[in-house]
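What the sequence shown shows, in full-length UniProt numbering, is residues 1 to 358, in sequence order. Think of the CB as a built atom: it goes at the ideal place given N, C-alpha and C, for glycine as much as any other residue. Because the structure is a prediction, the values reported are computed rather than measured. Working notes, beginning with the structure itself.
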Amino acid sequence: MTALDAVVIGAGAAGLAAAYGVQRRGLRFVLLEAGQAATGAWPAYYDSLKLFTPARHSALPGLPFPGSPQRYPGRDEMSAYLKAYAAYFAFPVELGADVAKVQKRGRLFNVMARDGQEWTARAVICASGTFRRPYQLGLPNMQQYRGRLLHSAKYTAPQPFAGQRVIVVGAGNSAAQIAAELGQVARVTLAVRRPPRLFPQRPFGVDLIDWLALSGIERLPLGAFGRVPDAQPVIAVPHLRSALQRGNPDLQPMFKEFTSDGVRWKNGEVEPVDTVIFATGYAWNGAYLPPEAVDPHGEPRQRLGVSTILAGLYFAGLPGQRSIASGTIRAAGPDAEYVAAHLSRYLEEDCATYSATT
1 MTALDAVVIG AGAAGLAAAY GVQRRGLRFV LLEAGQAATG AWPAYYDSLK
51 LFTPARHSAL PGLPFPGSPQ RYPGRDEMSA YLKAYAAYFA FPVELGADVA
101 KVQKRGRLFN VMARDGQEWT ARAVICASGT FRRPYQLGLP NMQQYRGRLL
151 HSAKYTAPQP FAGQRVIVVG AGNSAAQIAA ELGQVARVTL AVRRPPRLFP
201 QRPFGVDLID WLALSGIERL PLGAFGRVPD AQPVIAVPHL RSALQRGNPD
251 LQPMFKEFTS DGVRWKNGEV EPVDTVIFAT GYAWNGAYLP PEAVDPHGEP
301 RQRLGVSTIL AGLYFAGLPG QRSIASGTIR AAGPDAEYVA AHLSRYLEED
351 CATYSATT
């Protein structure tokens, strides 16, 4: 079987942007997606999810986002756009291709799916994302708690929690938006280790993302101003700000431990709680890679999306990959373009080296 130039793993925003960069350079590749549509994890997000990034900043390279560029697209709109993007460029997508293992043998990579399919390529772009491995904190006495525990990955809508006492753990945008939505039907607390940093969505009437783009701040390398902040900024969309002002959700320091029917707060108070939702993010999904490609914490050994261990191995969509915007939709295009350009140069140099030695 003739080796492909590249295999792109994952057909979310990062993988699709990587496919665009690879295809634009005339390289032979395949795009592998574990799901049944080229939408990444988007269809699995909660029903009411809306981007806080305007549509004009949510498009991938080569295809504008349909409709008004000023609006904030929802989950289903984003899923439809990604699916249309893959179809528009006629990417060679293999759906249901859940990658189980990647090995490098000599100059080539062997990519194996769980169903037995295999592909051979000179390079691999890992864009499988961080949204398929929910990260949940381990807290004292958690196993004794008889209420309901779930990760925000399993949250879809507020109605099942009507009338309940709910704690949402987390200080990011998803945690804040889920807590605000639940506050319409339940009594909710947002439990945080550090207070979230709230930013207005439209300071002085201009969208915050426009400010970041115009100033050039979001293109700066992560940590350009020193230590990376511990708490991520939360965009205070109107319904979130009004919910916090009403006190539902209220904001409390993280509780100390679980009890059999609730939690014990740091001040010693014990409170019954029906449900605890962990909106604590996701772990990077690269268990299929060779062990040497990741560090002891399971994070990829890479710089700017280029593996520092295995020549020909690349990454797309990592938080902090090239800038403070990396890991977001608006950075998917620029980050993937850098990777695709590097990959193309690598293939040219590898081919020249191989030809000179044979």
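Quick one: Cα of residue i to Cα of residue j, how far?
i           : j    : result
A224        : A325 : Unreliable positioning characterises A224 in this predicted model, as indicated by a pLDDT of 43, which lies under 50. A coordinate reading is not provided.
D250        : G183 : 9 Å
V273        : G10  : 38 Å
Y45         : H151 : 11 Å
Q144        : V263 : 11 Å
S68         : R56  : 8 Å
residue 363 : P92  : Residue 363 falls outside the range modelled here, since the chain spans only 1 to 358, and no answer is possible.
R25         : E348 : 12 Å
Y72         : P54  : 5 Å
M78         : N267 : 43 Å
P158        : A179 : 9 Å
A282        : M142 : In the sequence under discussion, the amino acid at residue 282 is Tyr, which differs from the Ala named in the question. Straight-line Cα distance between these residues: approximately 19 Å.
E271        : V166 : 11 Å
V22         : L149 : 42 Å
P66         : R105 : 44 Å
G286        : M254 : 30 Å
V30         : P134 : 27 Å
To which residues of the same chain is residue i closer than 7 Å at the C-beta, ignoring the five residues directly before and after it?
i    : result
L41  : The sequence as given places Ala at residue 41; Leu does not occur at that position. Hits under 7 Å: G12, G129, F131 and R132.
Q302 : T308 and F315
A18  : V8, I125, A127, A316, A336, V339 and A340
A14  : A127, G129, A316, G317, A332 and A336
L304 : Q321, R322 and Y338
A293 : P300, R301, S307, I309, L310 and L313
Q136 : H151, F278 and T280
Determine the closest residue to residue i out of the options, with distance taken between C-alpha atoms.
i    : options                   : result
F161 : S174, K154 and V185       : V185
A6   : R28, A14, Y20 and R24     : R28
D295 : L310, A34 and E257        : L310
R75  : E269, S48 and G96         : S48
Y155 : V276, G15 and V22         : V276
K101 : Q159, V111 and R71        : V111
G298 : W284, G320 and V306       : W284
P291 : P54, T120, Q103 and G26   : Q103
L240 : E181, R197, Q159 and Q252 : E181
P196 : L244, G163 and L149       : L244
Q117 : Y135, R105, D98 and E269  : D98
P43  : Y288, Q252, Y81 and A287  : Y81
Quick check on residue i: does DSSP put it in helix, strand or coil?
i           : result
P261        : Note that residue 261 is Asp in the sequence shown, not Pro. Looking at D261 - three-state DSSP - the assignment turns out to be coil, as it is neither helix nor strand.
E292        : helix
N110        : strand
V192        : strand
residue 407 : Residue 407 lies beyond the range of the chain shown here (1 to 358); nothing can be said about it.
P160        : helix
L82         : helix
R146        : coil
V166        : strand
V124        : strand
D250        : strand
Y20         : helix
K154        : helix
Between residue i and the rest of its own chain, which residues show a CB-CB distance below 8 Å, the 5 nearest in sequence each way excluded?
i    : result
R146 : S260 and D261
D350 : R107, R122, A311 and G312
P140 : K256, E257 and F258
R227 : With a pLDDT of only 40 at R227, under the threshold of 50, the placement of this residue in the model should not be trusted, and no figure is reported.
A90  : none
F109 : V7, V102, Q103, T120, A121, R122, A123, V124, G312 and L313
G327 : T130, G317, L318, P319, G320 and Q321
D115 : G96, A97 and D98
R187 : Q164, R165, V166 and N248
L51  : S58, Y72, P73, G74, M78 and I329
L289 : V102, C126, P300 and L313
Please report whether the beta-carbon of residue i lies at a distance below 8 Å from any beta-carbon of chain B.
i    : result
H239 : Absence of chain B from the displayed structure is noted, only one protein chain being present.
I'd like the list of long-range same chain contacts for residue i, defined as Cβ closer than 6 Å, with 5 residues on each side in sequence excluded.
i    : result
S174 : S152 and A279
P229 : Reliability of the predicted coordinates at P229 is poor, the pLDDT of 42 falling under 50, and no value is obtained from them.
S344 : R25
L95  : E33 and Q36
H342 : V306
Q252 : T189 and A191
Would you check whether the ligand MG has a heavy atom nearer than 7 Å to the C-beta of residue i?
i    : result
A127 : Annotation note on the ligand MG: not contained in the displayed structure, which lists no ligands.
- Task: Could you tell me whether the segment 58 to 78 touches the segment 325 to 334, using the rule of 3 or more Cβ pairs below 8 Å?
- Result: In the pairwise beta carbon analysis, the segment 58 to 78 is classified as touching the segment 325 to 334: at least three pairs are separated by under 8 Å.
- Any chance the segment 26 to 45 sits against the segment 77 to 91, with 3 or more Cβ pairs inside 8 Å? Enough Cβ pairs lie closer than 8 Å, so yes.
- Query: Between the segment 162 to 175 and the segment 185 to 196, do at least 3 Cβ pairs fall closer than 8 Å?
  - Reply: Cβ pair count under 8 Å is three or more, so yes.
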